[in-house]
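Notes follow once the structure below has been shown.
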Amino acid sequence: MGSSDAIPFGALGLLIIVLAYFIPTAVAFGRGVPNKGSVLVVNLFLGWSVVGWVIALAMAARSR
Numbered sequence: 000m001g002s003s004d005a006i007p008f009g010a011l012g013l014l015i016i017v018l019a020y021f022i023p024t025a026v027a028f029g030r031g032v033p034n035k036g037s038v039l040v041v042n043l044f045l046g047w048s049v050v051g052w053v054i055a056l057a058m059a060a061r062s063r
């Protein structure tokens, strides 16, 4: 395997990480929760920490 073979797998891995990072936002927009903007902001700025990501997911999963 050459170094050029690693580029697609690296890009795929990065895409998977980004998609996983924004799961709370996708859930909020998919469910149509009224605070979806707040979920996006919390996810964007605090999602890097596990606690922030869980808080954003809890906000997205909360009943309407």
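33 is the number that our numbering gives to position 34 of the sequence shown; each next residue is one higher, with no gaps.
Each residue gets a CB set at the ideal place from its N, CA and C atoms; glycine is no exception.
Computed from a prediction, not measured in an experiment: that's the story for all the values here.
Residue range of the unbroken alpha helix (DSSP H) whose run includes W52 = Within the sequence shown, residue 52 is the residue found at index 53, counting from 1. Unbroken alpha helix (DSSP H) run through W52: V49 to A60.
Separation of G9 from S37, as counted between CA atoms: For the purposes of this step, residue 37 is identified with residue 38 of the sequence shown, where counting begins at 1. For the purposes of this step, residue 9 is identified with residue 10 of the sequence shown, where counting begins at 1. Rounded to the nearest angstrom, the two C-alpha atoms are 31 Å apart.
- prompt: Taking the alpha helix (DSSP H) that N42 falls in, what are its first and last residues?
  reply: Here residue 42 is taken as the residue at index 43 of the sequence shown, counted from 1. Note, N42: alpha helix (DSSP H), K35 to L45.
DSSP-derived helix/strand/coil call for V32: By 1-based counting over the sequence shown, the position of residue 32 is 33. Correct three-state label for V32: coil.
Worksheet entry | C-alpha gap between R61 and L11, whole angstroms | Locating residue 61 in the sequence shown gives position 62, where the first residue counts as 1. Locating residue 11 in the sequence shown gives position 12, where the first residue counts as 1. Approximately 31 Å between the Cα atoms of the pair.
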